[in-house]
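Novice: Protein sequences appear in the order of chains A and B.
First residue of the first sequence: 1484, per the numbering used here; consecutive thereafter.
First residue of the second sequence: 60, per the numbering used here; consecutive thereafter.
Every residue, glycine too, gets a C-beta built ideally from N, C-alpha and C.
As the structure is a prediction and not an experimental result, all values here were calculated from the model.
Pasting in a structure now, in structure tokens, and then I'll have a few things to ask.
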Amino acid sequence: MSRPGFTLDVDERTQPLLVAQGTRLRLERFGLGTHVVYPGDGRPVGDPTPLVAAALASPLGTAPLAAQLHAGMALTIVIGDLGSPRPRMGSDVRRHLVEQVLVLAAAAGVDDVAVLCANGLAKRPSDAELTDVVGERVVRSFASTGGLLSTDATDPAYVDLGVIDGHEIRLHPRIAASDLAVNIVVTSSWSTSAGLQLVALTDVATLDWALGLETSSDRVSAVIGLVEASVATFTLDAALGEPVLPDAVSFLGRREWEWRVRDQVAFATARQALAVAPKQAIARLFSDLAAGYPVLGVAGGARDQVHASMSTVWTNAVAVQGPPASDVGVVNVWRKGSLHADPASDPLGAAHHAVAEQPSLVEGGQLVRPGGVLVGFHPLSNRFSSRTNSVGADFFAEVLPASTDPTEIRATFQDRFSTDPWYGELYRGRHGHHPLLTFHRWYATARAAATYADVVWVGADRRSAELMGFRAASTYADALEIASGHVGRTPSITVLHGGGGSVVRVP
Amino acid sequence: MRTLASWARGGGRPGSRLTLPTDVRALARGWGVGKRRVPLGAPAQSDARPTHVDIEAPHARLPRFDIDVVGLELLAGQARPVIVVANHASGVDPTLLGQVLPTQWLVRTSGATLALRSGRSVLLFPEGEPTTDGTLGEFSPRAAALSLRHGVPIVPVTIRGSYGMDALPPRTSSGALPRVLVRFGAPIEPTGDNPDVLIEIVRDSVQALLTEDAGNWYASLRGVAEPVPVTGWRAVWAAQEPVERPGSRERRRIWGRD
Chain A
1484 MSRPGFTLDV DERTQPLLVA QGTRLRLERF GLGTHVVYPG DGRPVGDPTP LVAAALASPL
1544 GTAPLAAQLH AGMALTIVIG DLGSPRPRMG SDVRRHLVEQ VLVLAAAAGV DDVAVLCANG
1604 LAKRPSDAEL TDVVGERVVR SFASTGGLLS TDATDPAYVD LGVIDGHEIR LHPRIAASDL
1664 AVNIVVTSSW STSAGLQLVA LTDVATLDWA LGLETSSDRV SAVIGLVEAS VATFTLDAAL
1724 GEPVLPDAVS FLGRREWEWR VRDQVAFATA RQALAVAPKQ AIARLFSDLA AGYPVLGVAG
1784 GARDQVHASM STVWTNAVAV QGPPASDVGV VNVWRKGSLH ADPASDPLGA AHHAVAEQPS
1844 LVEGGQLVRP GGVLVGFHPL SNRFSSRTNS VGADFFAEVL PASTDPTEIR ATFQDRFSTD
1904 PWYGELYRGR HGHHPLLTFH RWYATARAAA TYADVVWVGA DRRSAELMGF RAASTYADAL
1964 EIASGHVGRT PSITVLHGGG GSVVRVP
Chain B
60 MRTLASWARG GGRPGSRLTL PTDVRALARG WGVGKRRVPL GAPAQSDARP THVDIEAPHA
120 RLPRFDIDVV GLELLAGQAR PVIVVANHAS GVDPTLLGQV LPTQWLVRTS GATLALRSGR
180 SVLLFPEGEP TTDGTLGEFS PRAAALSLRH GVPIVPVTIR GSYGMDALPP RTSSGALPRV
240 LVRFGAPIEP TGDNPDVLIE IVRDSVQALL TEDAGNWYAS LRGVAEPVPV TGWRAVWAAQ
300 EPVERPGSRE RRRIWGRD
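Pasting the structure below:
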């Protein structure tokens, strides 16, 4: 029987606990009374096929998918956010979802089928990445017929959809010409959804308007509404449980006092290997790391009902009862955050994850009280992929030395970067992220950071921290020393154990 | 431009690269056998410890073959023993499959009854002998009879690219190894009580995998795929066609610039 997550209050019997810091592991002794939030145990990974079949046959708010398919129609299967979840799925459940939809489409006689990756501003996927997600059968079936597509938000061929508040919304031409779009998503956090996947089908100007500096839920909802009014959609959503790691690194998912001898040996070995291995080998290790994800449920049908259902299923499965908002919050950054395979690189991604994303997974309150301090464990190494994220390096070198203020950055730098032909070439043809992705993530990071009195990074590069307006500390104790100027010398502290991903319910 | 603190340099260095001796000492002190202390608020220990077993082997490589394996995701969670049934393209097939079958299946190629009783999986070639003309031969019902008797599923597998090889090809320094594609199909549960009927279902499944493999999965679902030649020189010709890398660009670039 899998145990739910829980919050440990550190006492005299508590040994040093595992902390992940980019690609490094360490044991850290936390002070008495520190609240440590542990995620639940992993559940066995089963066969999702029956769940998918049931979702297709008994959808929420619409007719069964089979009844909506017919010969002569134009069908588009939309997938997106191929970078989630992390670690990647060993056997991607989206293959099952896509294949079962195609089986129904084949039976209905649909010949005009396209599989469209709604990557939005994120990099267009490589063949290998797409094959990992949808499977070799699908890639082989459609690659040779031109039915495998990804979005280029800068493409002038996008179709006019309508106007919202004076802003023109434009849509990918394939979607605009489709009779039905089957929107396939997995729920493994609150930051992705079928609705956002529909937004990712719009052009770069719309993405900036809806998700940029002046983003709001009203703007996002308006775009989604316009897309749904233009093309019929059917959403298929699978909620995923906590990742189940391979045996060799299963100690990462176990509670430290339950480590057997083999877990202790595995920890010591992994820590030593990560300390001496070359960066390229470490990057390969993390990109190859795959986990099993139990499928908690699958729902199909109307987008809003499916999202509500799967979001509730996912939240209830991963939620942990936590303490009230603390003076200090502590976040590990290792498996999520970076736009690269190497978790120790991309300091902008690490900051976005630790400051904006992770603390937002809270129900009923906040992880850290306004005016509190956030402590992150990450080296903030000033390394960016020159191919997929060269704009990150330039953002670090040119933009942040000038200003960290989102409004100033938007006015001074955004347009120049987003229209730069080199970044455009990398995005369109070389699997690079669009420059606006970096800008948008910084805006979200800066907005979230403004709620803290300070953000302190343990073991981080001081220059990187300074550039982002944060602090660096050599040790955890030094970080609390820095924080004491804001929260006193006996603050309440909440630590999110592991790489985060749980929802914390605060009273 | 901002004025950054001039002293804000350095840091980000992870510390000592030699961590093993320190960790061994610390673990022995803190968690040695009999010394482990459980925090007061910790829940009771659980014996349920699922771990992820990566059943994928997307690009296995033997010294003299370049093997691609697809379809293993259809068998995720398959914990029971299985009977693996494969087409017999060549004399090297048992060696090839022995390298790519999931190790947790504990596959045997002989002593089928004893193996299944002891919880091991079995690999069988129902055609009996390697094909001489590139076509799929008749299937002996033995695999179906074993499946019905022991209640274990049959996993159809196809091998393409090894046709006609009686022995392992010579080592080559040129890097151009013979490419072989191994495709797994969905498991077939034992149904009914007639092995002749069940083995025909299995044979049809293997034939369907060969058809899919030679062409296009969706087209084969739609029933519009070109059938695999079953007689004559065209069958031999088709059996000897070079195997593409799965999901490759060898037919058409996915994101081709217009």
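(1) On the DSSP letters alone, give me the boundaries of the beta strand (DSSP E) that A/Val1813 sits inside.
(2) Could you give the first and the last residue of the continuous beta strand (DSSP E) run that contains A/Ile1562?
(3) Exposed or buried, A/Gln1755, counting other C-beta atoms within 10 Å across all chains shown (16 or more means buried)?
(4) Less than 6 Å between C-beta atoms, sequence neighbours within five positions excluded: which residues of the same chain meet that for A/Val1502?
(5) In this structure, how does DSSP classify A/Val1989 when only helix, strand and coil are distinguished?
(6) Opposite A/Leu1543 in the DSSP bridges: which residues?
(7) Where does A/Tyr1521 sit, in a helix, a strand or coil, going by DSSP?
(8) In angstroms with no decimal places, state the Cα-to-Cα distance between B/Arg308 and A/Asp1610.
(9) Using a Cβ-Cβ cut-off of 8 Å, state whether A/Ala1597 counts as contacting chain B.
(10) In chain A, which residues lie with their C-beta within 8 Å of the C-beta of B/Thr78?
(11) I need the straight-line Cα distance from A/Glu1908 to B/Gln158, nearest angstrom please.
(12) Using a beta-carbon distance below 8 Å, is B/Ala269 in contact with chain A?
(13) Which class does A/Gln1498 belong to by DSSP, given the choice of helix, strand or coil?
(14) Of all the CB atoms in chain A, is at least one closer than 8 Å to the CB of B/Gly187?
(15) Within its chain, find whatever has a CB closer than 7 Å to the CB of A/Pro1862; leave out the 5 residues flanking it on each side and keep chain order.
(16) Does the CB of B/Ala64 have a neighbour CB from chain A at under 8 Å?
(17) Compare the C-beta of B/Val216 with all C-beta atoms of chain A and state if any pair is closer than 8 Å.
(18) Within the same chain, show all residues whose beta-carbon is closer than 8 Å to that of A/Glu1846, passing over the 5 residues directly before and after it, in chain order.
(19) Counting only Cβ pairs nearer than 9 Å, list the residues of chain A close to B/Tyr222.
(20) If we count Cβ pairs, one from each stretch, closer than 8 Å, do we get three or more for the region 1779-1798 of chain A versus the region 1663-1682 of chain A?
(21) Just to make sure I have the definition right: I need the residues of chain B whose C-beta is within less than 7 Å of the C-beta of A/Phe1896. Which are they?
(22) For A/Pro1842, which of A/Val1938, A/Pro1830, A/Pro1568 has the nearest alpha-carbon?
(23) Apply the 10 Å Cβ neighbour rule to A/Trp1692 and answer buried if 16 or more other Cβ atoms are within range, or exposed otherwise.
(24) Need the endpoints of the alpha helix (DSSP H) that A/Ser1967 sits in, please.
(25) Indicate the three-state DSSP secondary structure (helix, strand or coil) for A/Met1951 in the structure shown.
(26) Could you tell me whether any Cβ in chain B is nearer than 8 Å to the Cβ of A/Ala1536?
(27) Quick check on DSSP: helix, strand or coil for A/Pro1729?
(28) Using a C-beta cutoff of 8 Å, does A/Arg1988 count as contacting chain B?
(29) Please determine if the region 70-87 of chain B and the region 191-201 of chain B are in contact, where contact requires at least 3 C-beta pairs separated by less than 8 Å.
(30) Ignore the nearest five residues each way along the sequence and tell me which others in B/Leu195's own chain have a CB closer than 6 Å to its CB.
(31) A/Ala1839 and A/Ala1966: beta carbons closer than 8 Å?
(32) Check the C-beta distance from A/Gly1555 over to A/Ala1785 and give it rounded, since I have them as a contact under 8 Å.
(33) Output the residue ranges of the beta strand (DSSP E) runs that lie fully inside the region 1651-1676 of chain A and measure 3 residues or longer, sorted by chain position.
(34) Across the region 1732-1745 of chain A and the region 1803-1812 of chain A, are there enough close Cβ pairs to call them in contact, namely three or more that are closer than 8 Å?
(35) What span of residues does the beta strand (DSSP E) with A/Trp1940 cover, start to end?
(36) My assumption, with CB atoms under 8 Å, is that A/Leu1663 sits in contact with A/Leu1831. Please give the rounded CB distance.
Specialist: In short:
(1) 1809-1815
(2) 1557-1563
(3) buried
(4) Arg1509, Glu1511, Asn1815, Phe1860
(5) Three-state result, A/Val1989: coil.
(6) A/Gly1784
(7) strand
(8) The pLDDT assigned to B/Arg308 is 42, lower than 50, so where the model puts this residue is not dependable; a value taken from the coordinates is nonetheless given after this. Spanning the two alpha carbons is a distance of roughly 8 Å.
(9) no
(10) Ala1751, Arg1754, Gln1755, Ala1758
(11) 42 Å
(12) Note on residue identity: the sequence assigns Leu, not Ala, to residue 269 of chain B. Closer than 8 Å: no.
(13) coil
(14) no
(15) Gln1504, Gly1505, Ala1827, Gly1942, Ala1943, Asp1944
(16) yes
(17) no
(18) Thr1798, Ala1802, Val1986, Val1987, Arg1988, Val1989
(19) Within 9 Å Cβ-Cβ: nothing; B/Tyr222 doesn't reach chain A, min ~20 Å.
(20) yes
(21) Correct list: empty, because the minimum Cβ distance to chain B is about 13 Å.
(22) A/Val1938
(23) Result: buried.
(24) It spans 1959-1970 - the alpha helix (DSSP H) in which A/Ser1967 sits, taken as one unbroken run.
(25) Reduced to three states, the DSSP call for A/Met1951 is coil.
(26) no
(27) strand
(28) no
(29) no
(30) Once the five neighbours on either side are set aside, the close Cβ partners of B/Leu195 are Asn146, Gln266.
(31) In this structure, A/Ala1966 does not lie closer than 8 Å to A/Ala1839 by Cβ.
(32) The beta carbons of A/Gly1555 and A/Ala1785 sit about 24 Å from each other, so the pair does not count as a contact at 8 Å.
(33) The qualifying runs are 1663-1670.
(34) no
(35) For A/Trp1940, the uninterrupted beta strand (DSSP E) segment begins and ends at 1937-1941.
(36) That pair is no contact at about 38 Å.
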